[in-house]
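S.K.: Protein chains in written order, with our numbering: chain A, 33 to 144; chain B, 33 to 144.
Glycine included, C-beta positions come from ideal geometry on N, C-alpha and C.
It should be emphasised that the depicted structure is a prediction, and the values quoted were computed from it without experimental measurement.
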């Protein structure tokens, strides 16, 4: 059993097209023996966002802190602490920080 | 895409041997079209706990609020907001609320 506080893991900057001010921590991954899916913690700076993109794997997201929006079919839907988001496989999505504090969420994804 | 606040879902009492003061909300499940795994939100009352049990599916847990402990190999390990717990398949586990406020966590599990 792995028991870890997210602050005890070093964040890595997320790079690539369409990403601004985003870090990731891989809290649980295949390296831990997780057989099916991984848990990552993302932090998005005020004004930052993840890429507007799509992929074959689904996301299951839970917002921890901060306020922002998720892109859904061309419109932005508000998100905040306690919001759960299911992004089905192949659906375009993007997470924006629209607030003044860090937007923090965990995102689970099946191993690719 | 499903976007929902956990408070907008009704909690169900968890019943069964070895469970005390626990509710569950299924935030994302196979009914939503989630292909691989589900997200549930648990609330454990002060003094309450989940069953000490084992099963073939893994758990990936993230603590949101409250303080408590997880049973690991016969000892209790403290948990609190920001703690991630990976319970491998077949490993015995139990989550205790050892604080004075509700212990709240999300728990992902593959579909059985």
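Could you say which of B/133, B/61, B/74 and B/142 lies nearest to residue 126 of chain B if we only look at CA atoms?
M.R.: Checking every option, the nearest Cα to that of residue 126 of chain B belongs to B/74.
S.K.: Could you pull the DSSP bridge partners for residue 55 of chain A from this structure?
M.R.: Note: residue 55 of chain A sits in a beta bridge opposite A/45 and A/75.
S.K.: Identify the residues that DSSP records as bridge partners of residue 134 of chain A: which are they?
M.R.: Per DSSP, none; premise fails for residue 134 of chain A.
S.K.: Just to confirm, is the Cβ distance from residue 120 of chain A to residue 65 of chain B under 8 Å?
M.R.: Yes; because the gap between Cβ atoms is below 8 Å, this pair is in contact.
S.K.: Applying a beta-carbon distance threshold of less than 9 Å, which residues of chain A neighbour residue 84 of chain B?
M.R.: Simply none; closest approach about 13 Å.
S.K.: Who are the near neighbours of residue 112 of chain B in its chain, counting only those whose CB is closer than 7 Å to its CB and skipping five residues on each side?
M.R.: Here the set comprises 95 and 99.
S.K.: Going by Cα to Cα distance, which pick from B/71, B/63, B/59 and B/35 is closest to residue 140 of chain A?
M.R.: Of the candidates B/71, B/63, B/59 and B/35, the one whose C-alpha sits nearest the C-alpha of residue 140 of chain A is B/71.
S.K.: Using a Cβ-Cβ cut-off of 6 Å (strictly less than) and excluding sequence neighbours within five positions of residue 83 of chain B, which residues of its own chain qualify?
M.R.: Cβ within range, chain order: 50 and 51.
S.K.: Could you check how far apart the C-beta atoms of residue 101 of chain B and residue 92 of chain B are, in whole angstroms? I think they sit under 8 Å.
M.R.: That belief does not hold up - the Cβ atoms of residue 101 of chain B and residue 92 of chain B are roughly 18 Å apart, past 8 Å.
S.K.: Under a three-way DSSP split, which group does residue 101 of chain B fall into?
M.R.: The answer is strand: DSSP assigns residue 101 of chain B an E or B state.
S.K.: Under 8 Å between the Cβ atoms of residue 33 of chain A and residue 118 of chain B?
M.R.: Yes, Cβ-Cβ distance for residue 33 of chain A and residue 118 of chain B is below 8 Å.
S.K.: Nearest-angstrom Cα distance between residue 56 of chain A and residue 57 of chain B?
M.R.: Looking at the two C-alpha atoms, the distance is approximately 27 Å.
S.K.: Report back the beta-carbon spacing between residue 69 of chain A and residue 87 of chain B to the nearest angstrom; my notes put them in contact at under 8 Å.
M.R.: Not confirmed; about 17 Å, so no contact.
S.K.: DSSP state of residue 62 of chain B, grouped into three classes?
M.R.: In this structure, residue 62 of chain B counts as helix in the three-state DSSP scheme.
S.K.: Check the C-beta distance from residue 114 of chain B over to residue 37 of chain A and give it rounded, since I have them as a contact under 8 Å.
M.R.: Confirmed, Cβ separation roughly 5 Å.
S.K.: If the cut is a Cβ gap below 7 Å, which residues of chain B does residue 114 of chain A touch?
M.R.: Per Cβ cutoff of 7 Å: 37, 38 and 39.
S.K.: Consider the Cβ of residue 134 of chain B: report whether some Cβ of chain A lies at a distance smaller than 8 Å.
M.R.: No, because no Cβ of chain A sits closer than 8 Å to the Cβ of residue 134 of chain B.
S.K.: Any idea which residues DSSP pairs residue 81 of chain A with across the strands?
M.R.: Paired residues: A/52 and A/128.
S.K.: Identify every residue that forms a DSSP beta bridge with residue 140 of chain A.
M.R.: The partner list for residue 140 of chain A (beta bridge, DSSP) reads A/71 and A/92.
S.K.: Run the CB neighbour count on residue 80 of chain A, radius 10 Å, all protein chains shown included, and call it buried at 16 or more, exposed below.
M.R.: Buried is the call here.
S.K.: Scan the stretch 46–78 of chain B for residues whose Cβ lies nearer than 7 Å to a Cβ of chain A and list them as they occur along the chain.
M.R.: Answer set for the stretch 46–78 of chain B: 59, 60, 64, 65, 66, 67, 68, 69 and 71.
S.K.: Taking DSSP's pairing of strands, which residues face residue 37 of chain B in a bridge?
M.R.: Its beta-bridge partners are A/115.
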